[in-house]
């Protein structure tokens, strides 16, 4: 197949960009390294493999920015959201997926599209023709060097940690119980493991004392992203930090006491069969043997069998506010767009959203037209604005979509009403933008 655009990277962003272009009628070459060369974090060669959590976070489009982003992407025919909805597993108000089914669904959709040629290959240089670089946080060393050589900028970097997954039948349900916080969802979306004060203090001490993985010399000064902080690093911030973070007990009634525990460890369903559950917020860099020892201190997990232990990998991203224009083109080489986590967005949905926009911008350009950016009042526009100019390049850090990226409301409102009003404004703005784009 003679392609009209080359996409490098078959993760969430690259797959979404390829889909948008193919659906618009353009021939796409999608290059994916896995299948030829593995990465430190992935376990399969499937497209859009979810490395960390299996959650796309809140699906509430009325009061949550990422839920609003879900809705906007659905309205624009997102492949990623279509497959996420198809492979959804119970998670209260969150959108969580069976990770294997989801990745298989994306892979089959891409491989089966007449306008997409999926090629298993490593790309080490920037293409001369129209291209989208969506290589994610694990960009190969040679391609990363090509980007640095082109931009003259050093890529920034941070660590991203992976949470462990437990076999459901190894959880002691005489201690643990099913409940979503404040009873949201169907009541069976989370498994809760309670701790009293003594158990919590012993666990906290074990996290601090546990043997950690060694850093390579070039990794030592790399900062963590706050949204994926290793559990033991969070524990170092204070004895009560975890009780107000991933182990907060509020809204969870231990059926044995009728009261909130001192602390709670939650597990969320990880596959459609309900046989695998991941420990929410427990990404870690503890050595594997230490993970087994320390995490079995959790009441209910004393006999836990782990389908996957936690890990740690290095993420890289570019100074997008300085290097990219408003349609995600590299200013020094406008034939090349960037998409996904390499642009400095954080999160599965955000990565796919930027892939969607890169694909649509590229499709318009290939078709001889132009596409205006979505209004900043929308979740898509707010996220794009942050990446391409809303942040200071020198202090630019990965960020999830949030209402703080949206323009303030022009009318006075009660604090409790603001998110709902912003969501309503976003829906109207997206509709107007769609009409203008197709008018």
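Numbering (the working numbering), first residue to last: 2 to 440.
Think of the CB as a built atom: it goes at the ideal place given N, C-alpha and C, for glycine as much as any other residue.
Values in this document were obtained by computation on a predicted structure and should not be read as measured data.
In the three-state reduction of the DSSP assignment, residue 59 falls in the strand class, which pools E and B. Taking a contact as a CB-CB distance under 8 Å, the pair residue 268 and residue 180 does not count as one, their CB atoms being some 12 Å apart. A residue is called buried when at least 16 other Cβ atoms come within 10 angstroms of its Cβ; residue 257 does not meet this threshold and is exposed. Taking 8 Å as the upper bound for CB-CB distance, residue 94 and residue 186 are in contact here, some 6 Å apart.
Residue ranges of uninterrupted alpha helix (DSSP H) with 4 or more members, entirely inside the stretch 345-382 and ordered along the chain, are 349-367. A check of alpha carbon separations from residue 212 across 291, 281, 170 and 118 identifies 291 as the nearest. Excluding five sequence positions before and after residue 410, the CB atoms of its chain that fall closer than 8 Å to its own CB belong to 419, 422, 423 and 426, given in chain order. Here the alpha carbon of residue 112 sits roughly 29 Å from the alpha carbon of residue 276. Straight through space, the alpha carbons of residue 335 and residue 35 are spaced by roughly 27 Å. The straight-line gap separating the alpha-carbon atoms of residue 45 and residue 369 is approximately 38 Å. Counting along the chain, no beta strand (DSSP E) covers residue 212, and no H or E run does either. Pairing residue 30 with residue 405, the inter-Cα distance amounts to about 37 Å. Annotation: the continuous beta strand (DSSP E) that includes residue 264 extends over 264-270. In the three-state scheme derived from DSSP, where H, G and I count as helix and E and B as strand, residue 72 is classed as helix. Residue nearest to residue 398 within the set 135, 319 and 28 is 319 (criterion: CA-CA distance). As computed with DSSP, residue 31 is found in a beta bridge with 8 and 119. Going by beta carbons, residue 201 and residue 264 fall inside the 7 Å limit. Membership of residue 143 in any beta strand (DSSP E) is not indicated; the residue belongs instead to the alpha helix (DSSP H) covering 142-152. By DSSP's assignment, residue 312 forms a beta bridge with 163.
Closest option to residue 195, judged by alpha-carbon separation, among 18, 27, 300 and 326: 300. Under DSSP, residue 192 shares a beta bridge with 179 and 268. Per DSSP, the beta-bridge partners of residue 279 are 166 and 269. Around the beta carbon of residue 2, a 10 Å sphere encloses fewer than 16 other beta carbons of the protein chains shown; the residue is thus reported as exposed.
Residue 246 and residue 313 do not touch by the CB rule: their CB atoms are close to 19 Å apart, not below 8 Å. Around the C-beta of residue 244, 16 or more other C-beta atoms lie within 10 Å, and the residue is accordingly described as buried. Take the alpha-carbon of residue 297 and the one of residue 240: they are about 20 Å apart. Shortest Cα-Cα distance from residue 400 to any of 347, 429 and 380 involves 347.
Residue 431 and residue 189 have their C-alpha atoms roughly 35 Å apart. In the DSSP assignment, residue 95 falls outside any alpha helix (DSSP H) and within the unbroken beta strand (DSSP E) covering 95-98.
Under the three-pair Cβ rule at 8 Å, the stretch 119-139 counts as touching the stretch 350-370.
Annotation for residue 193: 177, 178, 180, 253, 265 and 267 place their beta carbon closer than 7 Å to its own, counting only its chain and skipping 5 residues before and after.
With distances taken between CA atoms, residue 122 lies nearest to 141 out of 130, 141 and 183.
Minimum Cα-Cα distance from residue 403 among the listed residues 15, 4, 10 and 63 corresponds to 63. Residue 284 is a Cβ neighbour of residue 163, given a cutoff of 7 Å.
Under a 10 Å Cβ-count criterion, residue 338 is classified as buried, with 16 or more other Cβ atoms of the shown protein chains found around its own Cβ. Residue environment for residue 286: buried (at least 16 other C-beta atoms within 10 angstroms of its C-beta).
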